[in-house]
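Numbering (this note's numbering), first residue to last: 421 to 791.
Ideal placement from N, C-alpha and C gives every residue a C-beta, glycine not left out.
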């Protein structure tokens, strides 16, 4: 391969503005990699939606490096730099065009990105890669994460790069698929929402053991936002972390509203179900479904959390079952719903199986501590 040229991407103000061509080529590359992995467009973004997600904000700095060979875009690296928490870490994603793999592109991008990490004074790099099932041929070699749960194909291009660059496998997630045409048992959770007497968006349903479920779409009601900030903060560390050296994230009302605004600006839609402790009125758990206006056929099961001292009441199942019913009722165009769960999270994996999710792939979480 001819010598690579690696340059930063300048994020344009709009898709009509200066630099739009380079951004569109970058977005097309990202989508080509996703199509090659999954065989469909379920993880592809429109250029406009991607642009909204790359705009500067107060909580992270996003750097994009483009690798070209003879003028052709052959790969990219996206480096996310947290600005308010986890200040020792950076998050790295390296993508190489399917026709250009195992030619040194990823290694070159990794070297340039690592130099950038060092220049920022950061000492930890984390990255992720994905494969479809079957994860590896019968009897094929696996890399096992430091915690011992799950495995990832050692012969994959992403594993070969990570291990060659000195990364350790910190965690493996199972990727699961739910098809909303299947029925969801409601398990006595009262999954159909009654009007919320407070007048907030969404509704509330009662259960018989001191908890109720409350629902909203897109934006958390003002009277719940501080409770919700507590859940978002604990989500960053209460979920299984494997070997990742992650610290608790800083969440407050301002950050939640900024996060909601970015999601909405890209055409994002959200359905949230939260569990309320009736005695205190506090939120003690939540689950989130994301979809988008420009890809209405697919949705993603994002965070699900129950605070530790409120576990043992099947709140995780009840919230997820109720929200899946909402998805079927309010987003009937959704045909496929994906979720990710740590291989060691046996409880949530069992909940997902009970609800009708089936495994379709695996995510590897890689980590490197810089010397």
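(request) Answer yes or no: do residue 692 and residue 730 have a C-beta to C-beta separation smaller than 9 Å? (result) no
(message) Please identify the residue among 669, 725 and 685 whose C-alpha is closest to the C-alpha of residue 696.
(response) 725
(message) Is it the case that the stretch 541 to 548 contacts the stretch 777 to 787, given that we only count it when at least three CB pairs across the two stretches are under 8 Å?
(response) yes
(request) Please classify residue 464: is it buried, with 16 or more other beta-carbons within 10 angstroms of its beta-carbon, or exposed? (result) buried
(request) Could you please give the first and the last residue of the uninterrupted beta strand (DSSP E) stretch that includes residue 635? (result) Counting along the chain, the beta strand (DSSP E) containing residue 635 begins and ends at 631 to 637.
(message) Residues in the same chain with beta-carbon distance under 8 Å from residue 665, minus the five sequence neighbours each way, listed in chain order, please.
(response) Taken in chain order, the residues that qualify are 508, 509, 544, 787 and 789.
(message) As a quick exercise: from 468, 644, 460 and 592, pick the residue whose alpha carbon is nearest that of residue 441.
(response) 468
(message) Quick check: what's the CA-CA separation for residue 820 versus residue 524?
(response) With the chain covering only 421 through 791, there is no way to say anything about residue 820.
(request) State buried or exposed for residue 773, treating a residue as buried only when at least 16 other CB atoms are found within 10 Å of its CB. (result) exposed
(request) Look at the alpha carbon of residue 597 and the alpha carbon of residue 711, and state the distance between them as a whole number of angstroms. (result) 14 Å
(request) Pair every Cβ in the stretch 499 to 506 with every Cβ in the stretch 470 to 483, then say whether three or more of these pairs are closer than 8 Å. (result) yes
(request) Measure the CB-CB distance between residue 485 and residue 498 and report whether it falls below 9 Å. (result) yes
(request) Tell whether a beta-carbon distance below 9 Å holds between residue 571 and residue 590. (result) no
(message) Starting from residue 454, trace the alpha helix (DSSP H) in both directions and tell me its first and last residue.
(response) 440 to 458
(message) Whole angstroms are fine: how far does the CA of residue 423 sit from the CA of residue 455?
(response) 27 Å
(request) Grab me the residues of residue 527's own chain with a C-beta within less than 6 Å of its C-beta, minus the 5 sequence neighbours each way, in chain order. (result) none
(message) For residue 514 and residue 550, which I take to be in contact (beta-carbon distance under 8 Å), what is that distance rounded to the nearest angstrom?
(response) Going by Cβ atoms, the distance from residue 514 to residue 550 rounds to 13 Å, so no, they are not a contact pair.
(request) Enumerate in chain order the residues of its own chain whose CB-to-CB distance from residue 607 is below 8 Å, with the five nearest sequence positions on each side excluded. (result) Unreliable positioning characterises residue 607 in this predicted model, as indicated by a pLDDT of 37, which lies under 50. The coordinate reading is nonetheless provided below. Counting only Cβ-Cβ distances below 8 Å, and skipping sequence neighbours, we find 734, 737, 738 and 741.
(request) Following the continuous beta strand (DSSP E) through residue 704, name the residue where it begins and the one where it ends. (result) Per DSSP, residue 704 belongs to the beta strand (DSSP E) from 703 to 712.
(message) What does the alpha-carbon distance come out to for the pair residue 584 and residue 578?
(response) 10 Å
(request) Give the range of the alpha helix (DSSP H) segment to which residue 737 is assigned. (result) In this chain, the alpha helix (DSSP H) harbouring residue 737 covers 735 to 750.
(request) Could you please give the first and the last residue of the uninterrupted alpha helix (DSSP H) stretch that includes residue 767? (result) 766 to 775
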